Each structure stands twice: as C-alpha cells, then as structure tokens.
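A.B. asks: Mapping of the sequence shown onto numbering that gives the first Met the number 0: position 110 corresponds to residue 109, and the numbering continues sequentially without gaps.
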Amino acid sequence: MSVTATSPLPRLRLGRIASALLLACYLPMASAQLVADPGKPDAAQQKDVLPYAIDRDGPGAPTVSAVDGDGFVTLSFGPGKPQDAPGWLVIRPREGHWDWHAVKSLRMHVQNAMPWALTLLMQLKDEQGQTLQATLALPPSGPFALAMPLSATLPLQMGMRSGPVIPWTVKDANGAESPLGLVETTAGTLDTTKIREIRIGMPPPDAEQKIRLGKVFLPPIGTDDLQAGYTGIVDAYGQYTRADWPGKYRLPRKLARALEEATPPDVKAARRKANGVKDVRDLDGDGKVSKREQRLARTEEQAEKRLTARQKAKRAKAWRDAQEAARADFALHARQADQKLANALAALQDEDEENAGSSYSADKHRPALDRFGGITGIEGSSHGNGWFRTGHLTLKDGSRRHILITPEGNPFFSFGVNAVQRDNSETFVGGREFQFTSLPVRGMAEYRFTQKKDSTETLPADSGAQRNRRFLKGQTHDFYHANLYRRDGDDWAQRWVTRTGKRLKSWGFNTVGAWSDDSMNHVKLPYTRIAHVSGPFARLSDGNDWWQGIPDAFDPAFGQALEATLKKETASSQDDPYLIGWFVDNELGWGNGSAPDPLARYALAYSALKMDAAQPQAHAKRALVKLLRERYNDDVQELARVWQQPLSDWKALEAAWPAERLPDGRNPHVAADLSAFLRLHAETYYSQVAQALKKHDPHHLYLGSRFAGRTPESIAACARWCDVVSFNLYIPSLREGFEAEEFARIDKPALLTEFHFGSSDRGPFWPGVMVVNTEAERGPA
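#1: Give the C-beta separation of Y228 and W87 to the nearest angstrom, bearing in mind that I take them to be a contact with Cβ-Cβ under 8 Å.
#2: Skipping 5 residues on each side, what residues in its chain have a beta carbon closer than 8 Å to that of M0?
#3: By DSSP, does A23 sit in helix, in strand, or in coil?
#4: For the candidate residues A65, R91, F71 and T73, whose alpha-carbon lies nearest to that of D56?
#5: Just to check my reading of the structure: L131 and L123 have Cβ atoms closer than 8 Å, yes? What is that Cβ distance to the nearest angstrom?
#6: Alpha carbon to alpha carbon, how far is T497 from V522?
#7: Let me confirm a value: W167 is counted as buried when at least 16 other C-beta atoms fall within 10 Å, else exposed. Which label applies?
#8: Which whole-angstrom value describes the C-beta separation of S518 and A418, a residue pair presumed to lie in contact below a C-beta threshold of 8 Å?
#9: Report all residues from its chain with a CB closer than 7 Å to the CB of H618; omit the five preceding and five following residues, and keep chain order.
#10: Run through DSSP, which three-state label would K103 get?
#11: Starting from T393, follow the beta strand (DSSP E) in both directions and report where the run begins and ends.
#12: Any chance you could list the beta strand (DSSP E) runs of at least 3 consecutive residues sitting entirely within the stretch 570-639, in chain order?
#13: Grab the span of the beta strand (DSSP E) containing K214 for me, first residue to last.
#14: As a quick exercise: from P251, K620, Y236 and I232, pick the residue whose alpha carbon is nearest that of A242.
#15: Roughly how many whole angstroms lie between the Cα atoms of Q690 and R630?
#16: Under the rule that 16 or more other beta-carbon atoms within 10 Å means buried, what is L344, buried or exposed?
#17: One question on the structure: do K451 and Q465 come within less than 8 Å of each other, judged by their Cβ atoms?
#18: What would DSSP say about N354, mapped onto helix, strand or coil?
#19: Which class does T499 belong to by DSSP, given the choice of helix, strand or coil?
#20: What is the DSSP secondary structure of Q348, reduced to helix, strand or coil?
#21: Take V723 as the anchor and find which of A707, L702, Q616 and N274 has the nearest alpha-carbon.
#22: Any chance the stretch 407-415 sits against the stretch 375-386, with 3 or more Cβ pairs inside 8 Å?
#23: Smallest Cα separation from W546: which of F706, V416 and L750?
#24: How many Å lie between D477 and F448 at the Cα?
#25: Have a look at Y25 and P178 and give me their C-alpha separation to the nearest angstrom.
#26: Could you tell me whether the stretch 608-617 touches the stretch 642-661, where touching means 3 or more Cβ pairs closer than 8 Å?
#27: DSSP on P178, reduced to helix/strand/coil?
#28: Report the start-end ranges of each beta strand (DSSP E) in the stretch 674-748 that is 3 residues or longer and not cut off at the edges.
#29: Could you give the distance in angstroms between the alpha-carbon of F216 and the alpha-carbon of K267?
#30: Below 8 Å, how does it come out for the stretch 219-228 and the stretch 176-196: are there three or more Cβ pairs, yes or no?
#31: Determine whether the beta carbon atoms of L212 and P459 lie at a separation below 8 Å.
#32: Mapping DSSP to helix, strand and coil, what is G488?
#33: According to DSSP, simplified to helix, strand and coil, what is E378?
#34: Using a threshold of 8 Å, state whether the C-beta atoms of H531 and N585 are closer than that.
#35: What's the call for I53, buried or exposed, on a 16-neighbour Cβ count within 10 Å?
#36: What is the residue span of the alpha helix (DSSP H) that R469 lies within?
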C-alpha cells in the first residue's frame, strides 16, 4: 500500500517510545499557556463558552474522533487525489486574535497513529492573511510535544542540511524527562501579535491516515525551542549525542574522571569560554556569577599561586598522561571495530560458500586478474597498449558491449568510490559552539585541528549550493583528523593512506574515483582525476547555477584558463598507467532537456539573449547573433516573422532582451533556433576541452563532465568529443529518470560516476537525494 509521500522520507530511527497511558508523566506542561484543547471532553457543550473554536476546512478535512482516555482526539484523513487541496483542522480564537510576541514557538502534543511516516502540514495565519507554514515527516513514535518556531527558519541557518531526528528526550529543571520534537523548516511571514488561525493538515493520502492530537500550548516565556533543538548534539568525537548505534565510542567513566581532574585551570577556563560563557567564573553557565562561584574562583586562584614548580610539573605530566590514556582507549576501540568488520565480512563469505555448496570455493571461482584488475582469459581480449582505453566485449549471443580495457589488454569493470580523501572534512564551529559538547581548546593536543576556513574560495557565495547557508567562513574543527590522530598518533596521515588502500581492495573496490587524495594515486589501484577550469571568463546561467554558471565557451579567456588548468593538473600523472582518465568540470548547468518549460529547456540560449552584445563579456550573445544571421541568410525580417517579434534590424537582436520579451520556446521555429545555439555552445566547449587534454595528456581518456542536468544537444556533443560519457544519476534505477534508449542509439561508452541510496535511521540527519527507509534497504536498492 502506498502512502503519502514525505520529504525527507521516513525517519525510522526511533521506535514507538512510550505508552499513551503514560502521557501525564511524559508530556508535562508546567508553566505553559494553554491555547486550545481539542480533546476537552465537554467541548461540544461549551462551544460558545470556550475561548477558541475548532473547525474543519476543505473537502479532505479530517474527521475528529471523540476524546480518548489520554485526552487525545484522532484526526482521520480520508483518501483523495494528488491534485486535490489538503484538508485542514482549523483552530481560531473565539474573539479577536492571539498575541504571542513574548514567546518563540508554539507547541502541540501529537502522535503519528500509523506504522510509517506521514506528511504533516502546519500553518499559522495572522489577521493580515500572512502565513507561516511548515511541512514535516512525522515519524511513527509515541506521543510527544512538537514545537513550531514562530519565525522562518532553515536547518542551513544552523549549519545543517537537515535538523535533528524527532523526537528526542529532554529534561526539565527537576530532571523529569519528556519527548520533544522540532519543526526544522518554516517559511513565510507572521505578525505574532495578531495570530488568527492554527491549521493542521495533510496532503490527500492514497488511503486513510491517522494522527492523534492533544493540547496546543505556548511554552514558558524565555524558552527557545529552536536553539534547544540543536544544543549539544555533537560530542567530542563528532558523534550525535541523542542516539546509540553499534560502534559508537564512549570514553570510559574512569578515564573521563581522570581527564577532568587533571585538566589545568587555564584549559577549563578556555573550555567554558568556548562554550559561550562570558565570565569564566560562571561555572554553571547561567549567565551570573554567584557568591559561591566567586569564592571558588578565589580559592582556585590562591591555590594556583601556592603551587611549586615541581607541583606544576607533576600536574602537567598528569594532564599529558590522562590525554594519552584517553587517546589509547579510542585507538583500541578503533582497532577492535576494524577487527569486527573484518570478521563480519569473512562470515559473509563463508555463508556464501556454504549456500553455494560444499564443493564451492570462492578462490577457485574468482576470475584471474591482471595487475590493474582486468579479467584475464576472456575470449577476444587483445594486447594492451600500455594505457587504459575503451573497447568492446562480445557476448555469447553475438552482441557487443562497450567496456574499458586495461593497459595489459583485458576487460575492466570499474567499481569505485568518489572522494577517497582525508582532507576537506572540517566542520564550521565558530558562531554555533552551543551545538557541541566538548570542542578542543588551546592546551589540548586536538586543538591543532582547529583553524580558519573560507568556503567561498572554492565555491562562490552566490552559487546555488551556497544559497541560504549561514556559515560560509570562520573557525572550523576537523573531527575526522582529530580522530585519526587519536588512533594513530603523529603518523596518522600516512597510516590513513596505507589502511585506506588495503580497505578498498579488501572490500572489492578496484577504482579510486574523482576528488580523491593525491596520495591514493600510489596504492596501485586504477584511478580517475578531475580538473576544474576556473578563471575570469564569462558564464551562462541555467537559472539555478548550483555550482556556478557554466563557462561561456565562446570567451577566449575560457580557452586560456583551460590551457593553464590542464597544463598544471596533468603534469604529475601523464606517464602513470594506473590513471584511467580525466573528468574536466563537474555537473555543468546545461539546462533540463526533459523540462516542459522552454525557459528551463533552452535556459542557456535565453541567458545569452538577455545579454547586450555591445558589452565586452557578451561573447555568447555575439555568437548567437552570428548563428541566427547565418540561419536566416541575414534576413532579420524573416527572423522577426518566424519568432513573432518586432525586429527592425539586427541591432534590435543584439540589444539585451528583458524577460517579458523573450521569444516563446513553444514555437517550433524558435525552439529549433535555440536548440541550434545549445548545440553550437556544447560543441565549442567539448571540442576545446578534448583538444587541450589531448595536447597535455595524449595517453589518457577524456571521461566527460559528469552530467547531472543535461540536454540532448550537450550529450550529443559530449559523445562526439569524449572517449566516455559520464553521468551522475540519483534515480531509483536506469529505467526511471534516465533516457536510456535514446542514449543507446548514440552507441558510446558510459560511466555512472555518482549514485547513492541514503537513509536516516543511521548516520547523518540528511539522507541525501535518493532515499530509502532504512539502512538495511540501501544495499538491495
């Protein structure tokens, strides 16, 4: 049975966590202000007395059950069609409006009554009709308090792609625990002094879906649910603090206590300051320095002054020893985890052999490989030429398949991993220290992995990938490097290379993919490299510019930057037979060839049209004008007639075209002209790159530019000039979302260079762009 789609898809990290019969214990409302209680038993009798009214809105509005023994009502949303409007439960004040300016969020007790995640819609409206809205995946769990911030917010504003998994357990001042969840994304504008409606809804589901709703209330004044949702979520090792999983590391209490006792006062003070405490005497972090804390500070200061040089040296040694003991325990944990993984892989292999029969031997059935991983003994194999190249493999039915050929002449099935690197793993910490429980400070060995970084040096701040990000530059900490240091000591970098090479081989990988550490080029595995062409050349826009605009291939500055880039990048690997080939650029914004909207389909042509040909950087516009003059035999009136645009002369075409004047791409003549420009631009780009790469590295393959967005024109040009056409595809299968039959007619080798299936029941909060429900489903997908 299919159910309402969610985005992101179900987060099944937590099972049902509490019996509904324990609501009074788990869902406290101390000091909270009640807004509405849909489950009030005598609501029907008091409908004219209660200060709020509850209504239903829309044909898909939920039916509301009688209140149950826990004080909840069940909202049942009946099946509907995808094009139908959502149905709503609406809560309004009986008179006037609500004034919530003194608080930062609205809370309500909710529970998903289904065993799968549901899409919950929430809206708040003010008297002017402004709306603050949210869409979230409500996980199957016990009842919990769901907090909706009263202003627009995004996880990116907290430095995250996705917010913490809901619900989690919080403790009040008395130590009582209760489950809480946060609406991580809200959009819109709201006057919090004049709230008129609360709306709770759901997109039309395929089958009846149910949620339970309890009290709707405001948290105590001063409560910051948004900040609390992200507070202390990362520990000293970069691990999530609100969940457990196999392999999670915990410093033993004995070592933690010894480490704390040996920590010098200056390190303790620096740590408190790093955690946002303004006055280091403020031991409890409440923003005030009590008399008791003043006395303790004076006592500590006097004790520090009385220490002899010998005592200080003894304390320093104890501090070093405690740190070393903690690192040694972490290293032991890491080695044990490696051994568990190796044992598990060996057990799987034994199981496979057992299932295949007692006479089966994996070693016997494993094909013989050449030193590059090519399969030897295949009929039709040829002599190698010393470099990777493309070729064909003839199958038993006589059909032929494109395949890579190793330098020794044998078929090679590339199976690799991108970004095998130890660097570029920093986490921005400056400005959001409250999210971390224990950042290193001066005086700690791990502080060496804290530094400054500016992400805009490699990715422009106005690119789509940087959009809405709050943390683009500032102080970072590299938890990965720190953990490698804890494990391997000062030799961690080289040990990482050795261990990673062995791991890849033992796990069955035979290729080191793009963006991998240069040190991985020497582990005797075939590898690919990628060159990014950058420089002061003009660019065209596809309307999104995720990484940044695509190069204007007509700009001579692009050719110059291309030459300089390839000359530099290829110098170190021209003679390496393990190098398969080069990608040049990545996921360029060619447009969307399957988009019904011409503005997306022919985006680059429209981008050129908007330029003024008289401007020095408008190379693409001048190329477009030249192309159209050739296509219409210099007859501007014929172009005007076909485009149905008033053009008195060619200067009218050369001028910048505003958005409202752009020709209609639904006109087949216009579409043909715009398509011709896309083809010319793609041919100009790929021909330049192919020729420059052949000049600087004649031995290795040109593997394309890793298509994400693509058009028929760009794929055709790539196929003409590249040895292999590469695709980054985040789709369920090659039968869905990829024009496989159309590409097959081109008869060109293809390489799938990116794909993944992610889940959020383990690992990062954000499961990625191709999602399955659980970790166990990733492999089969």
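For glycine and all other residues, C-beta sits at the position ideal for the given N, C-alpha and C. Note that the coordinates shown come from a computational prediction; the quantities given were computed from them, not determined experimentally.
C.D. replies: Straight from the coordinates:
#1: Note that residue 228 is Gly in the sequence shown, not Tyr. Not really, about 25 Å apart at Cβ, beyond 8 Å.
#2: At M0, the pLDDT of 29 sits below 50, so the modelled position is not reliable; the number obtained from the coordinates is stated separately. So the qualifying residues of the chain are D205 and A206.
#3: Only weak support exists for where A23 lies, its pLDDT of 33 falling under 50; the coordinates are left without a value.
#4: R91
#5: 5 Å
#6: 8 Å
#7: buried
#8: Actually they do not touch by this definition, with Cβ atoms about 14 Å apart.
#9: A537, D551, F553 and D554
#10: coil
#11: R388 to T393
#12: 578-583
#13: Q208 to L217
#14: I232
#15: 27 Å
#16: exposed
#17: no
#18: helix
#19: helix
#20: helix
#21: L702
#22: yes
#23: F706
#24: 5 Å
#25: Here Y25 scores only 42 on pLDDT, less than 50, and its place in the model should not be relied on; the value that follows carries that caveat. Approximately 7 Å, taken between the alpha carbons.
#26: yes
#27: strand
#28: 724-727
#29: 40 Å
#30: yes
#31: no
#32: helix
#33: coil
#34: yes
#35: buried
#36: That residue, R469, is in no alpha helix (DSSP H); it is neither H nor E in DSSP.
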